[in-house]
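Residue numbers (my numbering), protein chains in the order written: chain A, 1 to 336; chain B, 1 to 455.
Some notes on the structure that comes next.
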């Protein structure tokens, strides 16, 4: 019984949250990695792009709610997703045309593009804060829980319960579905294959008649869809706060590099690697050990490897280890 | 140096703008802007040395500034004796143990030869945190529990605060050495991301280690290299000086009581202006010294080598230059200057607030300063700092003015207008972004481009 309790405890406090957080990171990291693979720069404006997309979704959600439209047990924000996606696509293409295209045509160094993306980051940052403000916005509605901890305890008769928030399940399922569709698109369809070809070798792709403008538009469209979904899922699960999206950018970058920059499958796993290490190392194992160990061995301290204040340190440590031992990431990078 | 009309024009225009602020708003505001411009100029020169001289991308500016600020605490705050007696021994002991651990990691890394070397290294590195927790934990909680509301930390060495600027530079250089050893071999984009992450770690360290920095409880009432306003107001010489200075205005007032009130008022405002002037003087001395040295360095064989490395790394390597070592040196020098300016900033503010370190404000704005002003040109970095800080402060009144003129027909209770007025602080980000994009597009070398030095 104690053993079961310990397992349930870990599931509730590590596995479920890490799967959710990992999904959010994975979606974000795939976006960053696609931009890197096709457009060849690290986009620092990505966090604020997610914030912008979520903001549009929130505004649409409010509008729908004012009309009295809801989505039953599911959050209304899901109905608002298409609007958010459309707005983000328009915004991305606008910035591509006005800002990034110039440097791409000039074949500027990646560093210049990073600097330019910081300019875009400032602008998006300002737009989001001017329109919706810097504060917390909670826009989750519908059923909050799929399974409450109490219900689980009653059902199984254990001391520990598993609480399953509906946002957690939605996040995980949406991520799996989105990524499956994306990987199918990249590997099986003609457009996806031409994207991969372009990312692998630009000159060869041009020689075989692939139109680069089309590839770049496709990339921004896919990236915008991913950014909107990732941003909305994160906002539903926690709450919407512009600064939180910027802070999330760092673990997303770490996940991208860990998985091999430019490699979407790697980015997918990278997100989960970062999430599981981060949550696994900041969790206090005292209660878990109390269940497993005999009474005289019970620990007196929290048995926490590092406090949650140092989340960044974990992302960074993983990053350094990967860069030292496998500079191209766990999965080889540079090709979509 | 012959054809430097553009430099004179740029600085002349900047001075004119500040004087205009002095006349239109107040001299206190103008001097406050000037002082922060001077500090920002030192910061942007530090970044310019890394990015402009040798093309290293350092997004960890915020971290080095925080280290500089931390140095002011360590150097200038009086020691808390009770805290020292409660946990001082434990802290020193754990410092020793930490040193031994790090030394053994280095020993294993360099001397040890076995197929299990990597595993041993990994084990040693991950054991540092639990061991330190075990050793230092009790002393840390002992220190933090002493008088938690007013101190709860170890304090510093009670030395003059100017010294802390140099200590801040030294600390920053040491940290830069460690970071450089790990990260400088990386590609430019990896380096950018790594330095950004490291600055986040540094800031969370000063934010959460309360026994060392008081963390989010802040340290206030720091020492100053300039006199305090209150002391000035109570000193005879200053009051006499003000009386002499404003003789004309005072003689026009006949009533004795009114005269006293006016004099008091004048002493109040001039004391704060006097203090700010003292700061301006000190900061200007720092900036000019730094400028002279950097210009000399840029024109020396060393500067030529740095530019050669930046412009063509392979050629420089082929000439036998040790690129990795030079990069490490320049990374340390630039970071030391940033640390120095971080200590200056905290000294000027008179308080250390770890929670205020945000990457947007303390990393990317500094980068905008360098890029806008002109990479590789010290005058450019300085003018960039002045212009950007000026816009940063003055964009709020400017945005208010624009909103009020555009929407003058709409009354003040209008929802949209109220919302826009509430979000005025964010218009500065918009201006920064637009400014950066426009400069990168149409003047990619900045306002004052780097001059080709022929020697």
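Idealized CB from N, CA, C, for every residue including glycine.
Query                                                                                                                                                         : Result
Given that a residue counts as buried once 16 or more other Cβ atoms are within 10 Å of its Cβ, and exposed if not, what is residue 1(B)?                     : Any reading at residue 1(B) must be qualified, since the residue scores a pLDDT of 47, below 50, and its modelled position is unreliable; the value itself is stated next. Under this definition residue 1(B) is an exposed residue.
Out of 125(B), 399(B), 368(B), 242(B), state which residue places its alpha-carbon closest to the alpha-carbon of residue 422(B).                             : 399(B)
At 8 Å on the CB atoms, spell out the chain A contacts of residue 190(B), in chain order.                                                                     : 257, 323
With a threshold of 8 Å between beta-carbons, can residue 125(A) be considered close to chain B, or not?                                                      : yes
Return the CA-CA distance between residue 251(A) and residue 19(A), expressed in angstroms with no decimal places.                                            : 15 Å
Between residue 51(B) and residue 375(B), what straight-line distance do the alpha-carbon atoms span, to the nearest angstrom?                                : 7 Å
Taking only beta-carbon positions, decide if residue 114(A) is within less than 8 Å of chain B.                                                               : yes
Express the C-alpha separation of residue 198(A) and residue 188(A) in angstroms, rounding to a whole number.                                                 : 15 Å
Does any residue of chain B have a CB that is nearer than 8 Å to the CB of residue 196(A)?                                                                    : no
Between the C-alpha atoms of residue 11(A) and residue 281(A), what's the straight-line distance to the nearest angstrom?                                     : 15 Å
Output needed in chain order: residues of the segment 97 to 111 of chain A with a Cβ under 7 Å from some Cβ in chain B.                                       : 99, 102, 110, 111
Let me see if you follow: with CB-CB separation under 8 Å, is residue 182(A) close to chain B or not?                                                         : no
Who are the near neighbours of residue 23(A) in its chain, counting only those whose CB is closer than 6 Å to its CB and skipping five residues on each side? : 171, 172, 175
Residues of the segment 265 to 291 of chain A in Cβ contact with chain B at a cutoff of 7 Å, in chain order, please.                                          : none
Exposed or buried, which one is residue 334(B) when buried takes at least 16 other CB atoms within 10 Å?                                                      : buried
I'd like to know whether the C-beta atoms of residue 177(B) and residue 71(B) end up nearer to each other than 8 Å.                                           : no
Whose CA, out of 193(B), 340(B), 221(B), lies closest to the CA of residue 248(A)?                                                                            : 193(B)
Note the first and the last residue of the continuous alpha helix (DSSP H) segment covering residue 162(B).                                                   : 161 to 183
With a 10 Å radius around its C-beta and 16 neighbouring C-beta atoms as the bar for buried, classify residue 386(B) as buried or exposed.                    : buried
Taking Cβ-Cβ distances shorter than 7 Å, what residues in chain A pair up with residue 182(B)?                                                                : 320
For residue 312(A), count neighbouring Cβ atoms within 10 angstroms of its own Cβ and tell me buried if that reaches 16, exposed if not.                      : buried
Let's test the definition: count the other Cβ atoms within 10 Å of the Cβ of residue 265(B) and tell me whether it reaches 16, buried, or not, exposed.       : exposed
For residue 2(B), which three-state DSSP category applies?                                                                                                    : Residue placement at residue 2(B) is flagged as unreliable, the pLDDT there being 48, under the threshold of 50; a coordinate-derived value is accordingly withheld.
Does any CB atom of chain B fall closer than 8 Å to the CB of residue 331(A)?                                                                                 : no
Does residue 357(A) come within less than 8 Å of chain B when only Cβ atoms are used?                                                                         : Residue 357(A) lies beyond the residue range present for chain A, which begins at 1 and ends at 336; the question has no answer from this structure.
Rounding to the nearest angstrom, what Cα-Cα distance links residue 264(A) and residue 60(B) in this structure?                                               : 28 Å
Output yes if chain B places a C-beta closer than 8 Å to the C-beta of residue 169(A); else output no.                                                        : no
Rank 203(A), 221(A), 166(A) by C-alpha distance to the C-alpha of residue 192(A) and give the top, closest one.                                               : 221(A)
Entirely within the segment 138 to 202 of chain A and at least 4 residues each: give me those alpha helix (DSSP H) ranges in chain order.                     : 149 to 156, 166 to 188, 190 to 200
For the segment 29 to 44 of chain A, enumerate the residues whose C-beta is nearer than 9 Å to any C-beta of chain B, in chain order.                         : 36, 41, 42, 44
Under 8 Å, with one C-beta from each stretch per pair, do the segment 115 to 130 of chain A and the segment 431 to 438 of chain B reach the 3-pair mark?      : yes
For a quick check, are the C-beta atoms of residue 389(B) and residue 33(B) less than 8 Å apart?                                                              : yes
How close, in whole Å, do the beta carbons of residue 338(A) and residue 76(A) come, if the pair is a contact with beta carbons under 8 Å?                    : Because chain A is modelled from 1 through 336, residue 338(A) falls outside the range shown and cannot be assessed.
From which residue to which residue does the alpha helix (DSSP H) around residue 440(B) run?                                                                  : 427 to 442
Using the three-state DSSP reduction, which class does residue 9(A) fall into: helix, strand or coil?                                                         : helix
What does the alpha-carbon distance come out to for the pair residue 152(A) and residue 302(A)?                                                               : 26 Å
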